[in-house]
Structures are given as structure tokens and as C-alpha cells.
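If you read the sequences in order, they're chains A and B. For the first sequence, full-length UniProt numbering assigns the number 325 to the last residue and increments by one with no breaks. For the second sequence, full-length UniProt numbering assigns the number 320 to the last residue and increments by one with no breaks. In this text, a Cβ means the ideal position worked out from N, Cα and C, and glycines have one as well. Below is one structure, written out as C-alpha cells, with a few remarks after it.
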Amino acid sequence: MMAVTDMKSPSTAASPPLARRPRPSLLRRILRDRTVLLLALPGMLLLIGFQYFPLLGNVIAFQDFQPFLGTDESLWNGLDNFRILVTGDPAFLNALRNTLILTLIQSVMIFPVPIVLALMVNSLMSEKLRQGVMSVLYLPHFLSWVIVVAVFQQMLGGSGMVNNLLRSNGLPTFDVIGNADLFKVLLTSQVIWKDTGWAAILFIAVLAGIDRSLYEAAAVDGASRFQQTLNVTLPGLRPIVILLFILQLGNSLSVGFEQIILQQQAVGIDASEVLDTYVFNEGIAGGQWGTAAAVGLVKSVIGLVLVLTANKIAHSMGEEGVYRA
Amino acid sequence: MSTTTENPQTTPGGSASARTTPADAHRRRAKLNAAGPVEKTTKTIVLVIACALVIVPFIGIVATSIAPADQVTNSGGFVLFPREVDLTAYRSILSGGVVSRALLVSIGITAVGTILSLMITAMLAWALSRRGTVANRPMLLLVLFSLLFSPGLIPTYLAVRQFGLIDSYWSLIIPTAVSGFNVIVVRSFFVSLPDEILDAAKVDGASEWQVFRRIGIPLSRAALAVIGLFYGVNYWNAFFSALLYINDAAKWPLQMVLRTYVVNGAQMGTSELGTAVEAAPPQETIQMAILVISIVPILIVYPFLQRHFSKGVLTGAVKG
């Protein structure tokens, strides 16, 4: 303490300070780091322009927004746009119901499929075979939804491959494409076809990291293969499963937007409208900007809250979760 | 339990056989090693079916696109084994017309977009990897936070319109040019570069820019290649931004054409097809040909993507 005060005293000011260099001024630091700042500039501008600036645009949720007037001139109408959420508007309720049903299907039916695939592929003996199978199965992930939907139509449509085969063998054909009753089944099978292989990669990587000696120890203790899976494999997968589940929860109100928009014409609004398509149809196509923005805003906020809550719960259960705050 | 404590040197499996009857040991080893024949067969069948579900549609699509017109018409619009190779459909869509133009648009968007995205991402990631510089923490937090929410469809659309990008090709590039996730992945690569190399360069008088250009980028080439491929695939596949921002059908990328003429089944007349058609091939053949053209670029880059996955480039990056 004494030494420090001594250094600062006028008598020693003439000699340069040895221990502490004064923090350079902001301007000096900006000049020093100018290259780094210039490198960051284009990316930060884009991020602010298309991630943060649009956030401000959400004010139209509280406006009777008219595109030709813009956000400055349009009249404020308080929470009028949000009224649709509670008044039981049939179009909104329909979108909400379809969304929740699809979310339920996706978490119950789609989520476990890649885990099962990963377990099966992981137990293949030959490394070559394993890689071969996987490179076939995750290819569809890189195809666009337009292509996936087109492929499904060409396979299952009225004149598609399957019905063609059935017809030429004198069997009755079936009608999935454009059939409103089976639309959710179709959506689910498309998601499974497109993304199962991709989702399995992560699980396979985690499985490969499970310590072999745990299996050996379990076998020595007399555990059957099924018991080994139950007591070694699944606990090993638990952190990644929880992590993905939390992330999916945040997206749980956004189900297959592109996928549905592409096929909406064929099956009609009743069977296919979800919240995202509702926002699109109502706002951009229908001109109800304020209402659409209000629904979109509530949706994003719920998504964010779900992720944060789930993450908290995961922490309190002693799991890693997505992040530590 | 007791066997392992008595023989700490040997492996658990070995110690088991040493202490127990041979029959016991055999049973245990069987449990440890291999699946039963029933399980094995089921597994093989399921995996073969899964692979077939992916491969067979592609074969059918390619086969129909190259089948002669009369065979396609006679077989009800779908051919698995073409009698001979007939490329009329490809010639008719590639000799001018809607598809050719859309193909050029898609190639242009993908090429320009990928280069731009990659440059901007690498630059931002480098800046964020230089800890202790001005505003480093706040910028990093801005990038991270952007991963947690999306601004919403309507506000994004209005922002793009406000920037005057509607009906401009740039609307297909700029709004999606930087992905916060990719920035974080590349940054974690830059952070993992050994400080000694960078310091040595500095001592030798290299400027920040030179360190980035001559050391940072060359050492992270593999990671940047993967990220570039991802950006490229995204630009090529972009459909929704075109649906939102491009009203002028003359500026449509391939995915929009695909939606209109294949998914929605709009007829392609002589005005949409190229000029060099003798007799227009059946719609099915044309549809399949468009589909093939839009899939082929993905198939071309696919092996490169895969090579990097097997090296674990991406999984490692995601972890860090």
C-alpha cells in the first residue's frame, strides 16, 4: 500500500511507473484496434440491420399499421391487435390447434427416431458399412423443402411411382398427396425422411464417446444387452437429448413453415394452417399487418420464455443445458 | 465385483473367465460382444429399407427424366427402367426459357452470396477472436444473443422493404448473408490457433491484417471450407426469401420455378420452354429434369461436406 502511494507521489512522478500502466483512452484504443474494428464492421452492420433493427419493427404490433404511411405515421391502437389471441377468432384458433398437434407429434414421434437409428447404426460391426449407411441417410437433409415436397409428390402422388406400381398390378391406389385427413401424417413422414439421418449424426458421435469399459463392466456384472442399453447407453445420451429437447422447445411453435406453405394449396387452410403460415397469410398476403405482427411477437416471446425456463429446469436437475448464465 | 478387486491388473472380461466356470465366461462374453441372429437380421433389414427409401426415389426421378417420351406416356408418367437415353427434356429446358434463366439466377446468387458470406463471416469471427480489443465483449454478446431469437417474419419483411431490396437480387443474399452460428463456429477455430504463432508473426512485424490474411485464414481453411459449403447449400436452396421479396417472375431462382412447375404443376408451354424444341416432351419428363438439375449441385458438393464431417471438423467446432 505504502509503495503504491509513494509511486504516485510527485517526488517519484518523474521516473516512469513500473507496476501499472494507465489504461489508454478510448480514442487511443479505437485507433490501436482499428483493423479489428474494420474487420468486424460489415458483419456487425448486417447483424444489426437484419436481426436487431427489425426487432424495433415489432412496434407495429401496437399500431393500425398502413404500409403506405409507415411506422411513424400509422395510428397507435394499444393492445387491439392482441385481442385476437383471446376472442376466440376461429382462423387463429385453427392455426393454434394445428400447431400444437404438430408440435406434439414432432416431440413424441419424430424426436426418438434419430436416437433409434443411431443405436442401430452404432451397433453395426463394420466401420465402412456404418459410414456407407449414414452417407445415404443424411443426404436428404441438404435438399431444399421444395425438392423434398416435389420428390414426395412424384413418389406418392396420383401418377407417382407407388400408385403406378399398384395400378399396373391391379391393386387399389391410395391418395396421400392433397388429402387433408392425412396431411399431418404426410408432414411427419417428410420430416423423418429429410432429417432423421442428419439428427442421428450427433447421437452417433456421442455414442462413440461412451467409455467401452462401462459396457465391459456391465457385462461382467451380468447385464444383458438390453440392460446395457438401458443402463449405459441411454444415460450416456442423456445430456445431448436434454440439450436438443430444450432447443426444440424454443421452436415448438414454429412447425415446418416452408414445408407447409408449399403444400397448403393442395389441402386447404383448415388442415394445414399453423401459426407461422397464419402470420404470413394474414400479414403479407392479407394486409392485416398489425394483427399478424402481434401473433408473431407473442409467438417469439413464448419461444424465448420456453427455452429460458427449460434451461433453468435442466440446471436445477443438475444437467448442463444449453448455456450457463 | 470380487473378481475385479482380486485381479486389478487384468481386464474385467479376462478376470471373469479366470475365476468362474468356462460356461459362465462364455455366456458373459457372448452378451458383451455380438447381437443374436434375429436382432442382426432385423437391424439389417430396417437399415436396407431406410437406405432404399432414400435411393429409389432418386433413381426413379433420373430414370423418368431420361426416358423416351412414348415410354413415359404409356407407363402413366413414371419410369424406373428407361428403354433408352433420351435427353430431349434437358435440351428443351436448357436452351433458353424459364428454367435456363432461373438456373443462371441461382448460380449467380449462390456464387456471389457464398463468397460474400464467407468473407464477412471470417472477418467478423477474426475480430471476435481477438480478446481484449475495443468493444470485443459487447460485439460477441450481440452475436450470441442473435442466436436466441428471431425478429419475426413481418418485421423482417418490412425491414427488407425499408432498405429498398424488394425485387432486387440482393434481397436473396444480404438478409441471410451472416449467420451468427457460423460466426461462432469460425471464431472458436480462430481462438484455438496457438498464440505462439500469432505472436511470432507480430514480432516479425506483421500487421493485424497480415496475421489474419497470412496465418489465420490458411490455418482454418478446412473449417472455412465447410462453412462455405453450408452457405452455398443455403443460397442454392433458398426458396422462402424469393417468395417473400421477389415479385417479378423473371428474377425467380430455380427453387421458385421448381415450386411453380413441379410442386404446383403449372404447365410449361412453348413460351416457358426453350426455343430449340422439336416436339415438347411430356410434362412429367420435364418436371423430373428440372428436379434433377436442382439436385445435381448438391450431389456434387456432398462428398466434400462428408469428408469434413468424417474428420470431425464440425462436431469439434460445435463442441468448443
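Nearest-angstrom Cα separation, counted from residue j out to residue i
| i | j | result |
| --- | --- | --- |
| residue 56 (chain A) | residue 115 (chain B) | 30 Å |
| residue 11 (chain A) | residue 22 (chain A) | Any reading at residue 11 (chain A) must be qualified, since the residue scores a pLDDT of 43, below 50, and its modelled position is unreliable; no value is offered. |
| residue 275 (chain A) | residue 256 (chain A) | 10 Å |
| residue 80 (chain B) | residue 165 (chain A) | 10 Å |
| residue 18 (chain B) | residue 217 (chain A) | Only weak support is given to the placement of residue 18 (chain B): the predicted model assigns it a pLDDT of 43, under 50, and the value that follows is read from those uncertain coordinates. Cα to Cα, the separation comes out at about 15 Å. |
| residue 312 (chain A) | residue 244 (chain A) | 15 Å |
| residue 149 (chain B) | residue 258 (chain A) | 19 Å |
| residue 30 (chain B) | residue 306 (chain B) | Reliability fails at residue 30 (chain B), whose pLDDT of 46 lies under 50, so the model's placement of it is uncertain and no value is given. |
| residue 221 (chain A) | residue 123 (chain A) | 21 Å |
| residue 104 (chain A) | residue 132 (chain A) | 32 Å |
| residue 141 (chain A) | residue 36 (chain A) | 36 Å |
| residue 265 (chain B) | residue 257 (chain B) | 10 Å |
| residue 86 (chain B) | residue 127 (chain B) | 54 Å |
| residue 143 (chain B) | residue 156 (chain B) | 17 Å |
| residue 264 (chain A) | residue 59 (chain B) | 28 Å |
| residue 153 (chain B) | residue 212 (chain A) | 47 Å |
| residue 326 (chain A) | residue 107 (chain A) | This structure gives no information on residue 326 (chain A), because the portion of chain A shown stretches from 1 to 325. |
| residue 179 (chain A) | residue 109 (chain A) | 21 Å |
| residue 78 (chain B) | residue 80 (chain A) | 53 Å |
| residue 280 (chain B) | residue 64 (chain B) | 15 Å |
| residue 191 (chain A) | residue 214 (chain A) | 34 Å |
| residue 101 (chain A) | residue 250 (chain A) | 16 Å |
| residue 123 (chain B) | residue 270 (chain A) | 47 Å |
| residue 201 (chain A) | residue 118 (chain A) | 7 Å |
| residue 314 (chain A) | residue 102 (chain B) | 47 Å |
| residue 164 (chain B) | residue 171 (chain B) | 9 Å |
| residue 151 (chain B) | residue 282 (chain A) | 17 Å |
| residue 186 (chain B) | residue 121 (chain B) | 8 Å |
| residue 136 (chain A) | residue 120 (chain A) | 15 Å |
| residue 262 (chain B) | residue 57 (chain B) | 15 Å |
| residue 219 (chain B) | residue 88 (chain A) | 58 Å |
| residue 36 (chain B) | residue 224 (chain A) | 12 Å |
Candidates the options: closest to residue i by CA position
| i | options | result |
| --- | --- | --- |
| residue 67 (chain B) | B:38, B:83, B:246 | B:83 |
| residue 32 (chain A) | B:177, B:130, B:296 | B:130 |
| residue 331 (chain A) | A:61, A:296, A:287 | Outside the modelled stretch of chain A, which goes from 1 to 325, sits residue 331 (chain A), for which no answer is possible. |
| residue 247 (chain A) | A:64, A:309, A:102, A:48 | A:309 |
| residue 155 (chain A) | B:61, B:48, B:190, B:36 | B:61 |
| residue 308 (chain B) | B:268, B:283, B:227 | B:227 |
| residue 46 (chain B) | A:36, A:116, A:71, A:78 | A:116 |
| residue 141 (chain B) | B:162, B:100, B:180, B:174 | B:180 |
| residue 319 (chain A) | A:175, A:135, A:130, A:240 | A:240 |
| residue 207 (chain A) | A:91, A:237, A:127 | A:237 |
| residue 248 (chain B) | B:201, B:52, B:98, B:174 | B:98 |
| residue 173 (chain B) | B:244, B:54, B:76 | B:244 |
| residue 44 (chain A) | B:119, B:302, B:37, B:158 | B:119 |
Identity of the residues DSSP links to residue i by a beta bridge
| i | result |
| --- | --- |
| residue 76 (chain A) | A:63 |
Quiz item: How do the segment 141-158 of chain A and the segment 223-239 of chain A stand: do at least 3 beta-carbon pairs fall below 8 Å, yes or no?
Solution: no
Self-check item: Residues in the segment 141-175 of chain A having any Cβ partner in chain B nearer than 8 Å
Solution: 142, 143, 144, 145, 146, 147, 149, 150, 151, 153, 154, 155, 159, 160, 161, 164, 167, 168
Quiz item: Counting pairs of beta carbons, one from the segment 36-47 of chain A and one from the segment 128-143 of chain B, are three or more of them closer than 8 Å?
Solution: yes
Exercise. Pair every Cβ in the segment 279-289 of chain B with every Cβ in the segment 90-97 of chain B, then say whether three or more of these pairs are closer than 8 Å.
Key: yes
Quiz item: What residues in the segment 300-311 of chain A bring their beta carbon closer than 8 Å to a beta carbon of chain B?
Solution: 300, 303, 304, 307
Quiz item: Can you list, in chain order, the residues of the segment 221-240 of chain B whose Cβ is nearer than 7 Å to any Cβ on chain A?
Solution: 233, 237, 239, 240
Quiz item: What are the residues of the segment 190-218 of chain A that lie near chain B, defined by any Cβ-Cβ distance shorter than 9 Å?
Solution: 193, 196, 197, 201, 202, 205, 213, 215, 216, 217, 218
Quiz prompt | Residues within the segment 227-248 of chain A neighbouring chain B, beta-carbon criterion of under 7 Å | solution = none
Quiz item: What residues from the segment 77-111 of chain A come within 8 Å of chain B, judged by C-beta to C-beta, listed N to C?
Solution: none
Quiz item: Got a sec: which bits of the segment 258-283 of chain A sit with their beta carbon under 8 Å from any beta carbon on chain B, in order along the chain?
Solution: 258, 261, 262, 263, 265, 276, 279, 280, 283
Quiz item: For the segment 202-217 of chain B against the segment 105-113 of chain B, are there 3 or more C-beta pairs whose distance is under 8 Å?
Solution: no
Quiz item: Hey, is the segment 73-80 of chain A in contact with the segment 90-101 of chain A, meaning 3+ C-beta pairs nearer than 8 Å?
Solution: no
Self-check item: Short-range partners of chain A found in the segment 107-118 of chain B, where Cβ spacing is below 8 Å
Solution: none
Quiz item: What are the residues of the segment 150-171 of chain B that lie near chain A, defined by any Cβ-Cβ distance shorter than 9 Å?
Solution: 150, 151, 152, 153, 154, 155, 156, 157, 158, 159, 160, 161, 162, 163
Quiz item: Which residues, in chain order, does the segment 27-43 of chain A contribute to contact with chain B at a C-beta distance below 9 Å?
Solution: 29, 30, 32, 33, 34, 35, 36, 37, 38, 39, 40, 41, 42, 43
Exercise. Decide if the segment 49-64 of chain A is in contact with the segment 290-297 of chain A; the criterion is three or more beta carbon pairs, one per stretch, under 8 Å apart.
Key: yes
Quiz item: Along the segment 44-63 of chain A, what residues have a CB closer than 8 Å to any CB found in chain B?
Solution: 44, 46, 47, 48, 49, 50, 51, 52, 53, 54, 55, 56, 57, 58, 60
Quiz item: What residues in the segment 285-296 of chain A bring their beta carbon closer than 8 Å to a beta carbon of chain B?
Solution: 289, 292, 293, 296
Quiz item: Taking Cβ-Cβ distances below 8 Å as the criterion, which residues of the segment 197-213 of chain B are in contact with chain A?
Solution: 207, 208, 209, 212
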